[in-house]
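A.B. asks: Here the numbering used here runs 585 ahead of the position in the sequence shown, where the first position is 1.
Glycine included, every Cβ here is placed at the ideal spot set by N, Cα and C.
Take this structure first; my questions come after.
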Amino acid sequence: MTKTQKIWLWIFIAMFALPEILFLTTPALLMSISGKSFSGISSLIINYKFFLDHPLYLLFIIAIEWIGALGIFVFNINFNKNLLAVLFGIILMWLLFVFGIVYITGFSMNF
Numbered sequence: 586m587t588k589t590q591k592i593w594l595w596i597f598i599a600m601f602a603l604p605e606i607l608f609l610t611t612p613a614l615l616m617s618i619s620g621k622s623f624s625g626i627s628s629l630i631i632n633y634k635f636f637l638d639h640p641l642y643l644l645f646i647i648a649i650e651w652i653g654a655l656g657i658f659v660f661n662i663n664f665n666k667n668l669l670a671v672l673f674g675i676i677l678m679w680l681l682f683v684f685g686i687v688y689i690t691g692f693s694m695n696f
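Below you can see the structure in the form of structure tokens.
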């Protein structure tokens, strides 16, 4: 792996990991699907009421995570790391599902 490829790999890892660590989007969605309140889980930065009031920001965060996971997925395919490629393929499908759920529930409730 060249130095440029390593830099891009770290950029994609940061694009995937930082939003998930800071905003906990996946656990929050699991809590909302199961019908439990957001009070049991808290974000490090923003209260979840903010995301309920402004779903566009949550869609933006999930889109950044998706781009980061896609970049990691492409790197794993290029370097024949099949197990990691399958793992990030599953993560991509999960984020696509999360994006769809947030879009449907967030924007349909605002109109």
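Ala-599: buried (16+ other C-beta within 10 angstroms of its C-beta) or exposed?
C.D. replies: As a first step, residue 599 is located in the sequence shown; it is residue number 14 there, counting from the start. Exposed.
A.B. asks: Does the separation of the CB atoms of Phe-703 and Ile-657 fall below 8 Å?
C.D. replies: Limits of the chain in this structure are 586 at one end and 696 at the other, which puts residue 703 out of reach.
A.B. asks: Going by beta-carbon coordinates alone, are Ile-649 and Phe-684 separated by less than 8 Å?
C.D. replies: Position 64 of the sequence shown, counting from 1, holds the residue named residue 649. Position 99 of the sequence shown, counting from 1, holds the residue named residue 684. Taking 8 Å as the Cβ cut-off, Ile-649 and Phe-684 do not qualify as a contacting pair.
A.B. asks: CB Leu-669 to CB Ala-654, shorter than 8 Å?
C.D. replies: In the sequence shown, the residue the question calls residue 669 occupies position 84. In the sequence shown, the residue the question calls residue 654 occupies position 69. Going by C-beta atoms, Leu-669 is not nearer than 8 Å to Ala-654.
A.B. asks: With distances taken Cα to Cα, identify the nearest neighbour of Ile-675 among Ile-689, Ile-686, Trp-651, Phe-664.
C.D. replies: One-based indexing of the sequence shown puts residue 675 at position 90. With distances taken between Cα atoms, Ile-675 lies closest to Trp-651.
A.B. asks: Under a Cβ-count criterion, where at least 16 other Cβ atoms within 10 Å of its own Cβ denotes burial, should Phe-645 be classed as buried or exposed?
C.D. replies: The residue labelled residue 645 in the question sits at position 60 within the sequence shown. Per the 10 Å Cβ criterion, exposed.
A.B. asks: Using 10 angstroms around the beta-carbon of Phe-696, count the other beta-carbons present and answer buried if the total reaches 16, otherwise exposed.
C.D. replies: Mapped onto the sequence shown, residue 696 falls at position 111. Low confidence applies here, because Phe-696 scores a pLDDT of 45, under 50, leaving its location unreliable and the question unanswered by this model.
A.B. asks: Quick check on this structure: which residue in Trp-595, Val-659, Tyr-688 has the alpha carbon closest to the alpha carbon of Phe-673?
C.D. replies: By 1-based counting over the sequence shown, the position of residue 673 is 88. Selected option, being the one with the closest Cα: Val-659.
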